[in-house]
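Below: one structure, written as structure tokens.
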């Protein structure tokens, strides 16, 4: 025989109540998801293929690759360090698009491969993280805006190109074997160094002269071709985080792989959470009496509350309310303090002593179980009234 399904009580959570409690959180999650999708869609094509010689969008460098091909220079794209180091040689120009993305181990391996290769190495906007190894002695200074600038030097590639869109990071090199061009505030944004080997290293403060949408302006095309077309082979290195050599032999921890910006973002989120907790936990102050627009009789409020209890099938709460009120009224009649009015060990003996006839059970009336149905609840209310009358008249 199947057991009967228990009727829902006032503490049972209905589907409507669950939806009311969670709809705010679900709405916030939906807004965050929609915002993330919108931002991803808006930014998905903003710099797709940046500095990629296969990309034809405005931030790509396909136009430069086509011009180099017309001059007989072959262009090969590599994405791993092993491919880049294997391709170095006296007849090769190696261009590294994001030198700062390389780990210290990758930089040392690349420096060893290019030092005695006799070829040219072109570094695009290298900063302090990579200059110490890839260009010893060179220091990065504060960046400037990119705009047309004059060569300001005697380097043949720069003098033939003339004005070009240069800027970005500026460099200083105490080595006498270095020559800089396109100065900004007295410091070059294009620097060529000649180390002990037969090759040279070119540092370009900003990549604008290589971008498709800037190539036809000023002398950008001429400068790009003369920097990249000095050898018959061009190796275009696009560093990737998926390169196995980026692990440095497994010595990098998980936190080393997290960009520093995310740490600051996490700290800001934690601070915001603490401030929100303090805001929500603030004291609201004392209660203030509010003037009601209309006066409601006590009987109407009682009947309304009773109907709510009945609609919610809240016999448990109704019985608790009736018993708690009776205990509070009986306590001063039998000499029990208000703090002990709800303690059966103190209240029940005191009430029993005031009853003329021991035909009632104060313990079951004042602290008994929940009534099984409405009829039992009504009978409980009548018996509590009778108990109070007997105590008052005793």
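Residue numbers (this note's numbering): 1221 to 1614. Yeah, the Cβ is synthetic: ideal placement off N, Cα and C, and Gly gets one too.
When DSSP states are grouped into helix, strand and coil, residue 1460 belongs to the coil group. Going by DSSP, residue 1388 is part of the beta strand (DSSP E) stretching over 1384–1392.
Of 1529, 1519, 1445 and 1419, the smallest CA-CA separation from residue 1339 is found for 1419.
For residue 1614 against residue 1580, the beta-carbon gap comes to about 12 Å, at or over 8 Å, which does not count as contact. Counted as a single uninterrupted DSSP element, the stretch harbouring residue 1364 is not any alpha helix (DSSP H) but the beta strand (DSSP E) occupying residues 1359–1369.
By the neighbour-count definition (other C-beta atoms within 10 Å, threshold 16), residue 1604 is a buried residue. In the DSSP assignment, the residues bridged to residue 1453 are 1294 and 1312. Apart from sequence neighbours up to five positions away, the residues of its chain that approach residue 1349 with a beta-carbon distance below 7 Å are 1320, ordered along the chain.
When only Cα atoms are considered, residue 1377 and residue 1391 end up about 18 Å apart.
DSSP links residue 1323 through a beta bridge to no other residue. The three-state reading of DSSP puts residue 1398 in strand, counting E and B together. Here the C-alpha atom of residue 1386 lies approximately 35 Å from the C-alpha atom of residue 1256.
In the three-state reduction of the DSSP assignment, residue 1403 falls in the strand class, which pools E and B. Here residue 1446 is not near residue 1374, since their CB atoms are 9 Å or more apart.
Using a Cβ distance threshold of 9 Å, residue 1539 and residue 1607 do not count as a contacting pair. Secondary structure of residue 1340 (DSSP, three-state): strand.
Counting along the chain, no alpha helix (DSSP H) covers residue 1421; the unbroken beta strand (DSSP E) around it starts and ends at 1420–1424.
Annotated three-state conformation of residue 1500 is helix, per DSSP. Closest option to residue 1405, judged by alpha-carbon separation, among 1367, 1239, 1423 and 1398: 1367. Cα atoms of residue 1433 and residue 1275: separation of roughly 12 Å, rounded to the nearest angstrom. When rounded, the separation of the alpha-carbon atoms in residue 1524 and residue 1578 is 36 Å.
Considered as a whole, the region 1533–1612 harbours 1535–1553, 1564–1574 and 1582–1587 as its complete alpha helix (DSSP H) runs of no fewer than 4 residues, in chain order. Taking C-alpha positions only, residue 1396 is separated from residue 1413 by approximately 9 Å. The three-state secondary structure of residue 1413, taken from DSSP, is strand. Between the region 1504–1518 and the region 1556–1571, the count of C-beta pairs closer than 8 Å stays below three; the two stretches do not touch. The Cβ atoms of residue 1317 and residue 1402 do not sit closer than 9 Å to each other.
In the DSSP assignment, residue 1408 forms a beta bridge with 1403. Two segments are said to touch when three or more pairs of C-beta atoms, one from each, lie closer than 8 Å; by this definition the region 1328–1335 touches the region 1302–1318. Counted as a single uninterrupted DSSP element, the alpha helix (DSSP H) harbouring residue 1302 occupies residues 1301–1306.
Nearest Cα to residue 1335 within the set 1314, 1592 and 1541: 1314.
The beta carbon of residue 1465 sits closer than 6 Å to those of 1301 and 1326, all from its chain and outside the five residues before and after it, given in chain order.
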